[in-house]
Amino acid sequence: MSNRTPVKKVPIHLQSAQSRLFLKGGKIVNDDQTFYADVYIEDGIIKQLGQNLVIPGGARTIDAKGKLIIPGGIDPHTHMQLPFMGTTAADDFYSGTKAALAGGTTMIIDFVVDQKGVSLLDAYEKWRGWADAKVCCDYALHVGVTWWSDQVAKEMEILCKEKGVNSFKVFMAYKDIFMLPDDDMYDVFRKCSELGAVSMVHAENGHLIDIKSKELVSQGITGPEAHEMCRPEEVEAEATQRAITIANQANAPLYIVHVMSKSAGEVVANERRKGKVVFGEALAAGLGTDGTHYWNKCWRHAAGHVMGPPLRPDPSTPGYLMDLLANNDLSVSATDNCTFNADQKAIGKDDFRSIPNGVNGVEDRMSIIWEKGVRSGKMDPCRFVAVTSTNAAKIFNLYPKKGRVAVGSDADIVIWDPNEKRTISAKTHHQAVDFNIFEGMTVHGVPLYVITNGQVVLDEGQLKVTQGLGRFIETPCNSEYVYSKIRTREQMCQPQRVEREDYTGPVIEVMHEV
Ligand code: URP
Ligand code: ZN
Ligand code: ZN
Ligand code: ZN
């Protein structure tokens, strides 16, 4: 286990009354059932759930009548303060987690991603140093594997056994920077399978992107539209298919981050139907907006949407991805929150290849999915909870501590008003970035109260977060949800040799070329 002891940092003013909370009259929504119950919380844990509870005195009562009580959102894909493409993401672990809480997300899983050749352990410690001091909500870490060697294999083992990591991401894009060849990917997936860790992949064909982007520049097409043109849907779909094939050959479960196109989504859906252990992640960006913005005449507006894989210009894509998410073809929603201000995006003003890739989402994901998923009639509130919280908790082995409103679970809870609405804008959001890809959108489904670790941090519209109050949460390996079928297949599908008599007939001489 980690040699850092997680310290619960509770400021004096929060220690007494707020450590006991009583949520009265709400409707509990978990991924598998809804029911009316009161909730009693003490010291950051749900202690009682039911009707007519007998609770100790001194608790603060919050009236939840007519509202939904849901598990706090888990965003399993963020990049706070990521050093990337010559700059550093604008939202750091403070502003990023503050914004997360404002939107009803009470836990993030961020990515340690460093250059090829850098020790994974050193990189992990660097990210812990950045995050521990700043996070306002609980967090965990995935680790990117951008190079391969015996040392990397050893460090993956240490990360799993001693540092609380259970997931590793490889990149099929970002040639010469993060990209791994297929044979190295196979080795990483094998190692993950051996450790009981989750393999994750950024699936785009990095060679094709490199070639096509050079062609476009030589044709004088240097604006943000070329970002999509150099990596159209099939470039994502091909890599998605290849990654699933490689993971299946390695008998490793695979989590495909940011599924952004209809065709990549179909690949995931088809392979799940065939029984592959693969999970697809939809992003708030991909569900809430589309790639027509790359053709916007305002350069900053177009560049503000640049991310990899790109948003798709086919305007029916967001609805299609939402259908896949609603029907369990895709499993999880996230954001890939990785934000850059106008002057940072402008690094690529003359060449789209230098525009830092990334968009916002951590604050707006829950509302976007409620609006486009639940209010549209595509998913019910249980499925909403599954795709915003529970499934991520199950895959990354945090369940039922996270992802469920139940006795014994962490008190990461949102009191959700399904009828309240708000209009999204960079002028009012809590993120540090100066742009919002959902600008002007009116969304129903608003958190009224957000409770993280038993502390009310969004309180009747007032955000009262504390920097550094969040904890690093260790994610143990061998999630049953992910590994149960894999382990059985391992035993049942051992290769068998055919016992036969030796061949004793003649053998020709092999000719050697001169
Ligand atoms: O555009 C993106 N997605 N930026 C963050 C890095 C990544 O590929 O996830
Ligand atoms: Zn990625
Ligand atoms: Zn604009
Ligand atoms: Zn990412």
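Just so we're aligned, residue 1 is where the sequence shown starts under full-length UniProt numbering, counting upward by one.
No residue lacks a Cβ here, since even glycine has one placed at the ideal position from N, Cα and C.
- Rounded to whole angstroms, the gap between the alpha carbons of L324 and V143 is 27 angstroms.
- Distance from A197 to F178 at the Cβ level is roughly 18 angstroms; contact not present, criterion being Cβ atoms closer than 8 angstroms.
- The beta carbon of D75 sits no closer than 6 angstroms to any heavy atom of ligand 4.
- Inclusion of I437 and V359 in the CB contact set at 7 angstroms is warranted, their separation being smaller than that value.
- For ligand 2, a non-hydrogen atom lies closer than 6 angstroms to the CB of H202.
- Leaving aside the five residues that flank E363 on each side, the residues in its chain whose CB is nearer than 7 angstroms to its CB run, in chain order, A99, A100, A102, G103, H429, H430 and Q431.
- With a cut-off of 6 angstroms, the C-beta of D91 is classified as distant from ligand 4, since no heavy atom of the ligand falls inside that distance.
- Taken from the Cβ of D114, every heavy atom of ligand 4 lies 6 angstroms or farther away.
- In the DSSP assignment, P447 is bridged to W416.
- Set against 6 angstroms, the gap from the CB of M260 to the closest heavy atom of ligand 1 is not smaller.
- Checking the 6 angstroms criterion, the Cβ of D350 is out of range of every heavy atom belonging to ligand 4.
- Ranked by Cα distance from K27, the options L68, M379 and G445 are led by L68.
- Here Q491 is exposed. Its C-beta has fewer than 16 other C-beta atoms within 10 Å.
- In the structure shown, the three-state DSSP call for H301 is helix.
- Judged by DSSP in its simplified three-state form, Y483 adopts helix.
- In this structure, DSSP gives N328 a state outside helix and strand, which the three-state scheme calls coil.
- In the three-state reduction of the DSSP assignment, G319 falls in the helix class, which pools H, G and I.
- Counting only residues of its own chain and dropping the five nearest sequence neighbours on each side, E194 has no CB closer than 7 angstroms to any other CB.
- R231 carries a coil assignment under DSSP once its states are collapsed to helix, strand and coil.
- In this structure, the beta-carbon distance from I62 to L23 falls below 7 angstroms.
- In the DSSP annotation of this structure, the continuous segment of the alpha helix (DSSP H) that includes T97 starts and ends at F93 to A102.
- Short of 6 angstroms from the beta carbon of D138, and not among the five residues preceding or following it, lie these beta carbons of its own chain, in chain order: M107, G470, R471 and I473.
- When DSSP assignments are scanned along the stretch 32 to 104, the uninterrupted stretches of beta strand (DSSP E) that are 3 or more residues long and fall wholly within it turn out to be 34 to 36, 38 to 42, 45 to 50, 60 to 63, 68 to 71 and 73 to 78.
- Short of 6 angstroms from the beta carbon of K47, and not among the five residues preceding or following it, lie these beta carbons of its own chain, in chain order: Y40.
- In terms of Cβ geometry, P310 and D290 do not form a close pair [threshold 7 angstroms].
- In the DSSP assignment, Y124 falls within the unbroken alpha helix (DSSP H) covering L120 to D132.
- In this structure, DSSP gives L21 an extended state, which the three-state scheme calls strand.
- In this structure, I415 keeps its C-beta atom at 7 angstroms or more from the C-beta atom of L463.
- Every unbroken stretch of the alpha helix (DSSP H) spanning 4 or more residues and falling wholly within the stretch 343 to 372 is given here in chain order: 365 to 369.
- In the DSSP assignment, L283 is bridged to A334.
- The stretch 403 to 420 and the stretch 77 to 97 do not touch, with fewer than 3 CB-CB distances between them shorter than 8 angstroms.
- Your pair M366 and G445 checks out as a contact, with CB atoms roughly 7 angstroms apart and the cut at 8 angstroms.
- The C-beta distance from N205 to V235 rounds to 5 angstroms, short enough to meet the 8 angstroms contact threshold.
- For D329, the Cβ stays outside the 6 angstroms cut-off from all heavy atoms of ligand 4.
- Secondary structure at G288: helix, using DSSP grouped into helix, strand and coil.
- For H207, the uninterrupted alpha helix (DSSP H) segment begins and ends at G206 to S218.
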